[in-house]
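Student: Residue numbers (the working numbering), protein chains in the order written: chain A, 7 to 337; chain B, 7 to 337; chain C, 7 to 337; chain D, 7 to 337.
1) Would you check if the distance between the CB atom of residue 316 of chain B and the CB atom of residue 149 of chain B is smaller than 8 Å?
2) Using a Cβ-Cβ cutoff of 9 Å, what residues of the stretch 243–259 of chain C are near chain D? List them in chain order.
3) Counting Cβ pairs closer than 8 Å, one from the stretch 212–223 of chain D and one from the stretch 157–166 of chain D, do we hit at least three?
4) I want to know whether the stretch 132–147 of chain C touches the stretch 236–248 of chain C - three or more CB-CB distances under 8 Å.
5) Going by the CB atoms, is the gap between residue 17 of chain B and residue 132 of chain B shorter than 8 Å?
6) Leaving out five residues on either side along the sequence, give the residues of the same chain with a beta carbon under 7 Å from the beta carbon of residue 301 of chain B.
7) Quick one: is residue 61 of chain B buried, meaning 16 or more other Cβ sit within 10 Å of its Cβ, or exposed?
8) Under 8 Å, Cβ to Cβ, is there at least one residue of chain A near residue 298 of chain C?
9) For residue 234 of chain C, does the three-state DSSP call read helix, strand or coil?
10) From residue 178 of chain B to residue 235 of chain B, what does the alpha carbon distance come to, in whole angstroms?
11) Using a 10 Å radius around the Cβ and a threshold of 16 neighbouring Cβ atoms, would you call residue 45 of chain C buried or exposed?
12) Find out if the Cβ-Cβ distance for the pair residue 37 of chain C, residue 78 of chain C is shorter than 8 Å.
13) Write down the C-beta distance between residue 336 of chain A and residue 125 of chain A rounded to the nearest angstrom, noting that I regard them as a contact closer than 8 Å.
14) According to DSSP, what are the bridge partners of residue 290 of chain B?
15) On the premise that residue 121 of chain B lies in contact with residue 93 of chain B, defined as a C-beta separation below 8 Å, what is that separation, rounded to the nearest angstrom?
16) Check whether the stretch 139–158 of chain A touches the stretch 104–124 of chain A, taking contact to mean three or more Cβ pairs, one atom from each stretch, closer than 8 Å.
17) Taking beta-carbon pairs under 8 Å, can you tell me which members of the stretch 138–151 of chain B lie near chain C?
18) Let's test the definition: count the other Cβ atoms within 10 Å of the Cβ of residue 318 of chain A and tell me whether it reaches 16, buried, or not, exposed.
19) Residues of the stretch 192–203 of chain D in Cβ contact with chain C at a cutoff of 7 Å, in chain order, please.
20) Can you pull the chain C neighbours of residue 189 of chain B, defined as C-beta to C-beta under 7 Å?
21) I'd like the span of the alpha helix (DSSP H) that includes residue 318 of chain A, first residue to last.
22) Nearest-angstrom Cα distance between residue 4 of chain C and residue 295 of chain A?
23) Can you give me, in chain order, the residues of the stretch 206–237 of chain A that have a beta carbon less than 8 Å from any beta carbon in chain D?
24) Here's a check: name, in chain order, each residue in its chain whose Cβ is nearer than 7 Å to the Cβ of residue 159 of chain B, leaving out the five neighbours to either side.
25) Name the chain B residues whose beta carbon is nearer than 9 Å to that of residue 23 of chain C?
26) Assuming residue 21 of chain B and residue 55 of chain B make a contact with CB atoms under 8 Å, what is their CB distance in whole Å?
27) Where does residue 314 of chain D fall in DSSP's three states?
28) If you run the structure through DSSP and keep just helix, strand and coil, what is residue 56 of chain A?
29) Using alpha carbons as the reference points, say which of D:82, D:64, D:174, D:99 lies closest to residue 76 of chain D.
30) Taking three-plus beta-carbon pairs below 8 Å as touching, is the stretch 273–288 of chain C in contact with the stretch 187–205 of chain D?
31) Starting from residue 304 of chain A, trace the beta strand (DSSP E) both ways and give me its first and last residue.
32) Measure the CB-CB distance between residue 325 of chain B and residue 334 of chain B and report whether it falls below 8 Å.
33) Does residue 118 of chain C pass the burial test, meaning 16 or more other C-beta atoms within 10 Å, or should it be called exposed?
34) Per DSSP, residue 246 of chain C forms a beta bridge with which residues?
35) Per the DSSP calculation, residue 37 of chain C is bridged to which residue(s)?
36) Is it true that the CB of residue 154 of chain D sits closer than 8 Å to the CB of residue 209 of chain D?
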């Protein structure tokens with residue numbers, strides 16, 4: 007049984023990763039680490055996860071004796087520890103943005119100087135529905151952002167069909183997407199009975215979505231605007247697609263049904279999906295609608311931002327990397 | 007002091023209208039009516055409104071002895087009672103859609119056969135920021151829909167400047183927008199921890215928004231998609247505007263500040279407004295942002311759907327119609 | 007593999023029972039029935055449960071060919087169908103109150119005339135932590151009410167120790183406890199940002215709690231008051247226990263730790279439990295505190311009202327009845 | 007027109023106090039101060055309050071030139087500034103606990119060493135329904151805690167009638183009661199879909215409630231346990247009263263109706279009040295119920311913790327102190 011560790015397990019996505027691996031029938035979770043919460047047991051911080059392990063301060067010499075790792079560090083900090091782990095031969099799924107953008111210059115434009123550019127070519131973008139085969143052989147998998155996961159899955163069939171001329175993505179997320187840090191913005195009284203946009207007009211998930219749409223054939227500049235909602239887990243992307251003018255008339259729903267017929271974690275629904283229907287699952291639920299008045303396609307995609315948008319997708323990737331059934335421990 | 011009545015006061019917007027008129031220093035609220043709740047006191051149905059009046063079954067002979075009325079009937083049912091009240095000389099603000107669309111054919115395409123087409127030319131669209139002078143002299147005011155109120159105020163300055171080539175409006179509303187009827191869709195367990203689109207792709211507020219944008223100079227077909235959020239009161243429209251290509255570069259924020267400099271109930275904010283900031287007010291709070299990467303303008307508008315989106319705007323209209331200070335009873 | 011059916015699967019607890027049995031590795035869910043929703047697929051009503059079976063109208067001849075049934079009918083209606091199923095040899099867990107009270111006269115005082123009194127002696131109260139052995143051999147198990155489950159587990163150790171002279175139970179429940187019926191009381195706008203008591207002063211769960219406390223040695227009249235909270239799933243009982251005066255000083259926490267040391271689904275916590283920590287689990291999480299100023303014991307017990315308070319406890323009972331591992335399908 | 011200041015206006019209760027005084031027709035709000043937010047405008051921190059004043063760092067020489075002050079400092083820190091303000095002749099309502107307990111020794115047992123014991127005799131407990139006349143002449147008014155406000159008003163009629171032998175108070179509060187500090191405990195994800203007790207078994211509001219019940223004739227040790235609910239504003243106390251055995255049978259509701267017949271801000275309801283019915287009001291809404299089975303009285307009291315539980319009650323006190331109509335600015 008492969009051994010595993012979660013580095014940065016005190017945040018929401020790291021803690022859920024730890025829980026999924028702790029309960030996983032085919033991984034042996036050996037270490038969980040954290041910085042300021044080191045010394046605490048995870049089931050003290052997150053009683054509902056019921057992981058009776060203690061968080062330790064990260065020590066490469068002590069903790070790199072595992073086959074697999076999920077790294078849940080902040081952007082910028084992750085790249086270095088991923089590089090260290092790779093040197094020790096650990097196969098890594100990284101939850102940060104550090105290895106998602108294949109072009110280091112784009113990363114540095116939207117984030118910061120990249121501390122491990124040399125690893126970029128090796129990293130595989132961890133969206134199994136797009137890169138399943140590459141993930142199987144990868145040693146470094148860059149787990150997608152939560153918004154990109156929902157957006158790319160929602161748009162991929164149209165992008166592949168060459169139909170996208172332009173797209174506006176209006177995204178809505180629960181408060182867990184903002185992370186565990188206690189701030190004015192995450193205070194209950196701020197979020198409750200409220201909704202507002204943030205990251206306007208340049209949210210960092212924009213280039214990640216554009217990169218993958220381009221890889222699918224839609225080389226467009228998107229407008230992407232996230233909003234914070236008064237709910238804890240769940241994310242909805244509402245995608246407004248202007249079609250390429252020359253395109254012939256198609257049955258969009260048929261394209262989606264075909265595209266995702268064999269995907270265990272994508273559902274094509276007839277009506278606009280609610281995030282409740284995917285809560286605490288690895289599923290992305292999508293519906294597509296044609297607006298005959300304007301000729302636009304409207305696509306909705308719902309995920310759980312902590313699950314398919316982060317931790318359970320990381321486990322899905324680990325399953326692929328280690329030759330396990332893809333849904334093991336997350337179905 | 008002008009006397010007033012609210013017909014259809016058992017629903018959310020009618021009840022709030024009754025509360026605002028009951029507390030109003032310059033109106034004498036004489037009658038409140040309802041169908042299935044007739045006989046009950048309003049402060050039994052809505053303790054927080056504290057209106058100690060009994061709901062009566064509507065009786066034209068008995069209840070038309072007032073100077074002013076707010077009609078809060080369903081679409082289709084409102085037109086007839088408005089016509090009856092007009093015959094008796096009552097000046098009316100109608101909360102339904104029945105007199106909002108100036109073209110009866112458009113109404114009948116989106117709603118149903120119109121029972122009082124002859125009144126359409128007389129009705130004034132009750133958005134004071136656009137039609138203040140006409141409202142003063144009107145006998146029938148068609149109170150705008152909640153989504154159109156927020157959308158039109160958010161887009162008017164750009165429309166007037168001739169800048170709008172195309173617009174996508176992604177709207178988010180609290181559950182009170184769905185009305186008081188208890189259904190699967192309004193059950194707490196359905197709405198809580200959820201978000202989903204509805205009315206896709208043809209929500210009935212679409213032609214109302216298009217009518218007013220056209221009147222302002224933007225003759226466009228819009229994409230309008232509302233979403234239901236887990237909060238009670240509040241509505242946010244996120245408007246994604248593709249600019250007319252020939253247009254010169256402008257400072258959008260300056261245009262908005264100038265357009266609304268003298269408006270008592272429109273705020274131009276620097277950051278995306280949250281609906282909490284307008285809860286239980288007659289205010290629409292707007293911010294405008296340029297997305298330099300795509301050239302789009304992004305405009306956010308927040309209102310309270312029951313207040314500026316319905317009842318307090320109705321009172322604002324009544325104030326204008328009766329020569330009172332515009333903000334009396336709603337500031 | 008024993009075959010199973012859920013009768014009354016369109017409500018919240020019936021639907022969850024169906025989901026748990028559908029996913030259960032050792033039961034074959036053959037039938038799900040409903041009255042007004044017959045003909046619909048359950049995954050249409052409850053997308054998140056992902057049970058692709060159609061609800062049928064109940065037909066004893068057709069549906070009684072199973073080994074096990076969960077009956078989720080309203081009080082009063084359940085007894086008859088349970089009696090019918092017993093005649094056909096089906097072993098039943100009944101989610102209603104019809105077989106919980108061992109004294110038919112008490113049932114009829116709090117509920118209504120009982121249609122199957124003759125079955126009462128046969129029924130076992132389905133709280134495994136109290137009646138595990140009897141449940142194994144039972145053919146009719148009366149699944150406890152949600153509040154009694156939390157209250158009895160919270161008080162049992164003190165009751166057994168003869169310490170309880172008097173008890174006030176202040177209970178708080180999420181809105182799913184009110185069931186799926188869409189009413190004014192379950193409308194989102196009613197529940198949101200609100201809390202209020204209901205069923206004052208005679209909630210029907212009172213005699214059920216008193217019956218079991220008496221069986222444990224505490225023959226007291228309790229005060230039990232439930233409150234409705236703005237959350238969907240979760241129930242907390244706050245129990246204020248006046249101790250018997252003659253009692254010697256004890257370490258309450260030690261008593262609880264010992265009482266529940268071997269219970270797989272009861273946790274004894276150091277701090278007051280939140281309902282989040284037991285959401286979507288079969289676990290009851292309890293803490294006990296001594297108030298030295300007043301000499302009272304304060305005990306908190308948290309469950310998920312739909313899980314341990316209904317459906318997962320029903321499956322726990324079925325597991326016992328059919329000789330399966332107690333936690334199969336619910337851990 | 008008396009001039010006023012709010013010291014400590016960056017927290018929830020201080021900010022609301024500032025808003026109420028800014029909008030007040032008979033006070034001139036001259037200064038608002040804060041420590042870490044000094045320099046910011048209040049309408050930036052709290053857009054919905056719409057107070058366009060800048061927060062300043064407190065400077066006794068500069069800011070003590072007012073007739074009235076509301077002090078919203080933390081416990082312990084308030085006493086000193088109140089003493090300083092008194093030296094300059096400012097009449098003060100203090101929102102902290104520093105002057106609520108008439109016995110300095112009790113204060114020091116539950117809080118900390120008291121820095122201004124000499125002022126205690128001068129301070130009046132600011133519950134107008136109990137101490138209206140004393141408040142009129144007071145120079146230092148100790149504004150009651152939110153829980154004590156609701157609890158004392160709920161129990162006063164029974165206490166005065168000599169009926170209380172024992173009482174358990176189970177209190178429920180929205181998250182604004184925890185204050186503006188961003189912590190793990192106030193993070194949206196912690197509070198949402200949750201409920202738990204805190205401050206068990208010794209919450210600091212206990213002696214304050216006991217002091218006032220004793221003053222009314224009920225010299226009892228109470229059990230008081232607060233719970234945190236997923237809502238922003240609102241507080242409900244559920245009071246379980248064991249009656250004095252010798253007492254004669256009375257009509258409790260009649261006692262309450264009589265006790266509060268002339269109180270503008272207390273409502274006696276027939277059914278258990280919800281906190282929605284008092285949101286953003288200065289009203290305490292109470293219902294009383296007899297449990298015939300146990301002989302207990304059950305009393306519910308609902309307030310808005312930020313309004314009647316803090317800021318609007320402070321203004322009510324100021325109105326009394328300055329000879330203004332008691333409800334000015336808060337009705």
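Quick reminder that beta carbons are idealized off the backbone N, C-alpha and C, glycines included. Here the structure is a predicted model, which is why all the values come from computation and not from measurement.
Tutor: The short version:
1) Against the second chain, residue 316 of chain B aligns to sequence position 310. Against the second chain, residue 149 of chain B aligns to sequence position 143. The answer is yes: Cβ separation under 8 Å.
2) 244, 246, 248
3) Segments in contact, yes.
4) no
5) As a working mapping, residue 132 of chain B is identified with position 126 in the second chain. As a working mapping, residue 17 of chain B is identified with position 11 in the second chain. No, the pair does not count as a contact, with Cβ atoms beyond the cut-off.
6) Along the second chain, one-based indexing puts residue 301 of chain B at 295. Correct list, in chain order: 249.
7) The residue given as residue 61 of chain B occupies position 55 in the second chain. Here residue 61 of chain B is buried. Its C-beta has 16 or more other C-beta atoms within 10 Å.
8) Indexing the third chain from 1 puts residue 298 of chain C at position 292. No, because no Cβ of chain A sits closer than 8 Å to the Cβ of residue 298 of chain C.
9) The count along the third chain starts at 1 and reaches residue 234 of chain C at position 228. Strand, per DSSP.
10) Counting from 1 along the second chain, the entry for residue 178 of chain B is found at position 172. Counting from 1 along the second chain, the entry for residue 235 of chain B is found at position 229. Residue 178 of chain B and residue 235 of chain B: Cα-Cα distance of roughly 6 Å.
11) In the third chain, counting from the first residue as 1, residue 45 of chain C sits at position 39. With fewer than 16 other Cβ atoms within 10 Å, it is exposed.
12) Working through the third chain from its first residue, we reach residue 37 of chain C at position 31. Working through the third chain from its first residue, we reach residue 78 of chain C at position 72. Contact flag unset, no.
13) Here residue 336 of chain A corresponds to residue number 330 of the first chain, with the count starting at 1. Here residue 125 of chain A corresponds to residue number 119 of the first chain, with the count starting at 1. Rounded, the Cβ-Cβ distance is 26 Å, inconsistent with contact.
14) Position 284 of the second chain holds residue 290 of chain B. By DSSP's assignment, residue 290 of chain B forms a beta bridge with B:272.
15) Indexing the second chain from 1 puts residue 93 of chain B at position 87. Indexing the second chain from 1 puts residue 121 of chain B at position 115. The pair is not a contact, with the Cβ atoms about 14 Å apart (cut-off 8 Å).
16) yes
17) none
18) In the first chain, residue 318 of chain A corresponds to position 312, counting from 1. Looking at its Cβ environment, which holds 16 or more other Cβ atoms inside 10 Å, residue 318 of chain A is buried.
19) 199, 200, 201, 202, 203
20) Here residue 189 of chain B refers to the residue found at position 183 of the second chain. Within chain C, the residues near residue 189 of chain B are 188.
21) Taking the first chain and counting its residues from 1, one reaches residue 318 of chain A at position 312. Run containing residue 318 of chain A: 317–327, per the alpha helix (DSSP H) assignment.
22) Residue 4 of chain C lies beyond the residue range present for chain C, which begins at 7 and ends at 337; the question has no answer from this structure.
23) 236, 237
24) As a position in the second chain, residue 159 of chain B is number 153, starting the count at 1. Cβ within range, chain order: 135, 272, 290, 292, 307.
25) Here residue 23 of chain C refers to the residue found at position 17 of the third chain. Here the premise fails: no neighbours, minimum Cβ distance about 16 Å.
26) Numbered from 1 along the second chain, position 15 holds the residue referred to as residue 21 of chain B. Numbered from 1 along the second chain, position 49 holds the residue referred to as residue 55 of chain B. Correct: roughly 6 Å between the Cβ atoms.
27) Numbered from its first residue, the fourth chain carries residue 314 of chain D at position 308. Coil.
28) Against the first chain, residue 56 of chain A aligns to sequence position 50. Of the three classes helix, strand and coil, the one that applies to residue 56 of chain A here is coil, per DSSP.
29) Counting from 1 along the fourth chain, the entry for residue 76 of chain D is found at position 70. Closest option to residue 76 of chain D, Cα to Cα, is D:99.
30) yes
31) As a working note, residue 304 of chain A is residue 298 in the first chain. Counting along the chain, the beta strand (DSSP E) containing residue 304 of chain A begins and ends at 302–309.
32) Residue numbering aside, residue 325 of chain B sits at position 319 when the second chain is read from its first letter. Residue numbering aside, residue 334 of chain B sits at position 328 when the second chain is read from its first letter. A contact, by the Cβ cut-off of 8 Å.
33) Taking the third chain and counting its residues from 1, one reaches residue 118 of chain C at position 112. Residue 118 of chain C should be labelled exposed.
34) Taking the first residue of the third chain as 1, we reach residue 246 of chain C at position 240. DSSP output for residue 246 of chain C lists C:174, C:304 as bridge partner(s).
35) Indexing the third chain from 1 puts residue 37 of chain C at position 31. Residue pairing by DSSP puts residue 37 of chain C in a beta bridge opposite C:11.
36) Your numbering for residue 209 of chain D matches position 203 in the fourth chain. Your numbering for residue 154 of chain D matches position 148 in the fourth chain. No, the Cβ-Cβ distance between residue 209 of chain D and residue 154 of chain D is not below 8 Å.
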